[in-house]
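Visitor: When you read off a place in the sequence shown, starting at 1, and then add 6, the result is the number in the working numbering.
Think of the CB as a built atom: it goes at the ideal place given N, C-alpha and C, for glycine as much as any other residue.
A quick note: this is a predicted structure, and the numbers were derived from the prediction, not measured.
Here you go, one structure.
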Amino acid sequence: MPEYRVQILEGILQDLHASVGGLHGTVVVSIEGFVVAAYAGDGHNHKDNPVDSPQVAAMAASIIALGERVLGRLARGEIDRILLDGTEGGIVVVPAGREAALATMVGKDAKLGLVMHEARRAANRIQDVLAGKTVSPK
Numbered sequence: 007m008p009e010y011r012v013q014i015l016e017g018i019l020q021d022l023h024a025s026v027g028g029l030h031g032t033v034v035v036s037i038e039g040f041v042v043a044a045y046a047g048d049g050h051n052h053k054d055n056p057v058d059s060p061q062v063a064a065m066a067a068s069i070i071a072l073g074e075r076v077l078g079r080l081a082r083g084e085i086d087r088i089l090l091d092g093t094e095g096g097i098v099v100v101p102a103g104r105e106a107a108l109a110t111m112v113g114k115d116a117k118l119g120l121v122m123h124e125a126r127r128a129a130n131r132i133q134d135v136l137a138g139k140t141v142s143p144k
């Protein structure tokens with residue numbers, strides 16, 4: 007039975023969580039701010055971690071839009087990634103092509119370098135899926 011795109015995307019998000027510690031939920035959002043796919047992580051439910059809520063998707067899309075305006079205004083190229091780091095954790099947002107982005111909530115214990123590297127790899131795979139390309143397993 008063929009897999010649907012959302013199942014493939016959720017598999018990519020699960021792979022990301024398996025390869026990096028300290029993630030508290032990951033979502034693929036459209037640039038319009040809609041949830042495309044989400045993964046809360048093992049042992050999390052929606053009440054504890056509303057990663058796939060419309061508010062998280064809208065905020066991630068807003069972060070990307072603002073980042074693009076700032077970089078464009080400063081002539082600094084295109085967004086590679088955005089990191090918002092707070093006292094209780096943060097969020098890493100990585101564009102996945104022109105139509106979507108990957109946003110992952112990270113805990114203070116996460117190794118940010120590894121998170122950003124693996125998030126970029128996952129975003130590239132997500133971009134391929136959304137473009138209709140065949141994606142190889144991790």
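Tell me which residue opens and which closes the beta strand (DSSP E) that Ser36 is part of.
Guide: Numbered from 1 along the sequence shown, position 30 holds the residue referred to as residue 36. Per DSSP, Ser36 belongs to the beta strand (DSSP E) from 29-36.
Visitor: Tell me which residue opens and which closes the beta strand (DSSP E) that Gly95 is part of.
Guide: In the sequence shown, residue 95 corresponds to position 89, counting from 1. Run containing Gly95: 95-101, per the beta strand (DSSP E) assignment.
Visitor: So, with DSSP's three-state summary, where would you put Val26?
Guide: The residue labelled residue 26 in the question sits at position 20 within the sequence shown. Coil at Val26, not helix or strand.
Visitor: How long is the line joining the alpha carbons of Met7 and Leu120, rounded to whole angstroms?
Guide: On the sequence shown, position 1 is the one that residue 7 refers to. On the sequence shown, position 114 is the one that residue 120 refers to. Unreliable positioning characterises Met7 in this predicted model, as indicated by a pLDDT of 43, which lies under 50. The coordinate reading is nonetheless provided below. Going from the Cα of Met7 to the Cα of Leu120 covers about 34 angstroms.
Visitor: CB-CB under 6 angstroms to Leu19, same chain, minus the five flanking residues each way: which ones, in chain order?
Guide: Taking the first residue of the sequence shown as 1, we reach residue 19 at position 13. Taken in chain order, the residues that qualify are Thr32, Tyr45.
Visitor: What number of angstroms, rounded off, separates the C-alpha of Arg131 from the C-alpha of Ser36?
Guide: Translated into the one-based positions of the sequence shown, residue 131 becomes position 125. Translated into the one-based positions of the sequence shown, residue 36 becomes position 30. One C-alpha to the other measures close to 15 angstroms.
Visitor: Per DSSP, what kind of secondary structure is Asp134 in: helix, strand or coil?
Guide: On the sequence shown, position 128 is the one that residue 134 refers to. In this structure, Asp134 counts as helix in the three-state DSSP scheme.
Visitor: What first and last residue would you give for the alpha helix (DSSP H) that runs through Gly73?
Guide: Taking the sequence shown and counting its residues from 1, the one referred to as residue 73 is at position 67. Where Gly73 is concerned, the enclosing alpha helix (DSSP H) stretches over 60-79.
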